[in-house]
């Protein structure tokens, strides 16, 4: 439940920032990139770059989260195997003591 409330607050904050930036910046600027150049309103350019940065950040975060999740799964498997080995060794040890 807290995750949904936090997500809603983040989306609301992004919308408020986008509306504020868009309302105050209506100048036309020339944006030069490697291949060509275009003219944009400053608010449009800021919104595009902000959105691109947000998406890129989510992809990078998602990549590292997935990497850690997979490492966690492999470590849990390793723990299970080691616990099985320990239980097998202790049972063999108890059998040898009983004899």
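In the UniProt record's numbering, the protein residues as written are 1 to 99. All C-beta atoms in this analysis are idealised placements derived from N, C-alpha and C, irrespective of residue type, glycine included.
From residue 18 to residue 54, what does the alpha carbon distance come to, in whole angstroms?
Translated into positions along the chain shown, residue 18 becomes position 18. Translated into positions along the chain shown, residue 54 becomes position 54. The straight-line gap from Cα to Cα measures roughly 13 Å.
Would you say residue 43 and residue 32 are within 7 Å of each other, going by their C-beta atoms?
Locating residue 43 in the chain shown gives position 43, where the first residue counts as 1. Locating residue 32 in the chain shown gives position 32, where the first residue counts as 1. Annotated as distal: residue 43 and residue 32, with beta-carbon spacing of 7 Å or more.
What is the DSSP secondary structure of residue 39, reduced to helix, strand or coil?
Position 39 of the chain shown holds residue 39. Residue 39: strand per DSSP, three-state reduction.
Give the secondary structure of residue 24 by DSSP, where H, G and I count as helix, E and B as strand, and everything else as coil.
In the chain shown, residue 24 corresponds to position 24, counting from 1. Helix.
Rounded to the nearest angstrom, what separates residue 92 and residue 82 at their Cα positions?
Along the chain shown, read from residue 1 onward, the residue named residue 92 stands at position 92. Along the chain shown, read from residue 1 onward, the residue named residue 82 stands at position 82. Their Cα atoms are separated by approximately 15 Å.
Any heavy atom of the ligand NAD closer than 6 Å to the CB of residue 92?
Annotation note on the ligand NAD: not contained in the displayed structure, which lists no ligands.
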